[in-house]
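So the sequence shown is residues 1 to 398, counted in full-length UniProt numbering.
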Amino acid sequence: MQSESQIPIAAATKRRFAVSLAVFYSAFFAVLGTHVPFFPVWLKAIGIDAVWIGIIAALPAITRFTTLPQVTAFAEKRQAVRAAIMVSALATAIGFTMVGLQQQPLALFLIYALTCMVWTPTMPLTDAYALRGVARYGLDYGPLRLWGSAAFAAGSLACGYLVDVIAPRDLIWVIVAWAVVAVAASLLLQPLDDLRRRTPERHAGKPLLRDADFWAVIASAALIQSSHIAFYTFSAINWQLQGISGLTIAVLWTLGIMAEIVVFALSPRFSLQPSTLMAIGGVVAVLRWIVTASEPPLVLLAIAQLGHGFSFGLTIVGTMNLLVQRVPSHQIARGQGYYAACNGLLGAATSIASGAIYARIGDNVYYVMAAMAAAGAILIWSARHRLTAQPQSETSGG
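Set out below in structure tokens:
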């Protein structure tokens, strides 16, 4: 039982943790919000062709299933998650600075690859730090994470405004500036107690890998999520060619993120089965890519962008709920690792392929992405009865 004098101190500590984490999430996602839509625009502005853009854009996905697991495991093993976030943020800022000084495709590829090795672990490291704090202080994860989505939208909108003000060749320095802000924000993160759990290690990976229903979940999720890759890489370039201004492009991206935030906020009220949510996300993705490929009027394009809340947000909600249900509690980290690796592998392959496809058929690449999303929706729909019949998780929470 806490004494009265301890309560204000605990409340202040909790508040400092929550505020510092929200600030870092905001800074980190502001980097993403400028990088995802406008890094390809910068690549095109410095003379990189579409095939190279597709290859370079695949690097973050490649590191997610290669170097990322090693970095996060190293930090976790040494109870140095917070320190690893700080080092990762600093190395990312340095890396993007070096990227901005490059003009040749091969040199840019190599330096960007090194940058992605230290950048992509930041998100899972931050989530690990956040979940420790949630357990330590009794906080809710959702309200903290929403600041990241909001900052992504704000960063994208601000960068979109700058596209019409500064030369596209200078967009990389906007990304660098936000990366420096993230370094400063990482220094505010509060230390946490050592929450190491001394539990016996269970070597139970084989049964999970032999579970066809588990593979149905992560494969369908990877197909639906990877169907967004061509949009992430080429939408801003394509819209510019259609005469859409940088600010309008940013507004279109912001509409999608706002729809995503709404879906995340309302997700506790959803009553449909998680597999059905994923199938709906896949179907909406199919419709979204067909509409986007047809060069629709701006109003219809804006409506298609609102579909991001379903094609991305609803798919994520369904996937995470299914993983909690299907994966035993002592294997949940392993299951998340397999999911991330599957997503990264298919995402990288899709990025490389989409670059070559876009170079040949332009925005008709979205029809290929629609086919991927349809395959994901069909796969999860065909497995829905098995997935709802016998959940395997030892606990219902996660």
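We put the beta carbon where it would ideally sit given N, CA and C, even for glycine.
Everything numeric in this text was worked out from a predicted model, so none of it was measured.
Can residue i and residue j be called in contact, C-beta distance under 8 Å?
i, j, result
"alanine 151", "phenylalanine 264", "no"
"alanine 221", "threonine 315", "yes"
"serine 294", "leucine 189", "no"
"isoleucine 229", "serine 351", "yes"
"residue 409", "alanine 259", "The displayed coordinates of the chain run from 1 to 398. Any statement about residue 409 would go beyond what the structure contains."
"isoleucine 218", "glycine 376", "no"
"phenylalanine 17", "glycine 133", "yes"
"alanine 340", "phenylalanine 65", "yes"
"methionine 278", "glycine 318", "yes"
"valine 365", "phenylalanine 234", "yes"
"glycine 355", "isoleucine 53", "yes"
"threonine 292", "phenylalanine 231", "yes"
"glycine 95", "threonine 122", "no"
"valine 284", "alanine 374", "no"
"isoleucine 290", "alanine 370", "yes"
"glutamine 325", "leucine 255", "no"
"proline 191", "valine 41", "no"
With DSSP collapsed to three states, give me the class of residue i.
i, result
"valine 284", "helix"
"glycine 256", "helix"
"alanine 27", "helix"
"threonine 120", "coil"
"histidine 228", "coil"
"leucine 162", "helix"
"phenylalanine 270", "coil"
"alanine 167", "coil"
"alanine 216", "helix"
"arginine 196", "Note that arginine 196 scores 47 on pLDDT, short of 50, meaning its location in the model is unreliable and no value can be drawn from it."
"glycine 243", "coil"
"alanine 356", "helix"
"alanine 383", "coil"
"serine 186", "helix"
"aspartate 211", "coil"
"serine 294", "coil"
"glycine 138", "coil"
"glycine 33", "helix"
How should residue i be labelled, buried or exposed, when 16 other C-beta atoms within 10 angstroms of its C-beta is the threshold for buried?
i, result
"glycine 281", "buried"
"alanine 128", "buried"
"arginine 145", "buried"
"histidine 308", "buried"
"isoleucine 62", "buried"
"isoleucine 249", "buried"
"phenylalanine 74", "exposed"
"tryptophan 147", "buried"
"leucine 323", "buried"
"proline 297", "exposed"
"glutamine 104", "exposed"
"alanine 153", "buried"
"valine 71", "buried"
"threonine 13", "exposed"
"glycine 160", "buried"
Please report whether the beta-carbon of residue i lies at a distance below 8 Å from any beta-carbon of chain C.
i, result
"leucine 379", "The chain labelled as chain C is not found in the depicted structure, where only one protein chain is given."
Quiz prompt | Segments assigned alpha helix (DSSP H), at least 4 residues, entirely inside the segment 40-103 | solution = Within the segment 40-103, complete alpha helix (DSSP H) segments of at least 4 residues are found at 50-57, 59-65, 67-77 and 81-100, given in chain order.
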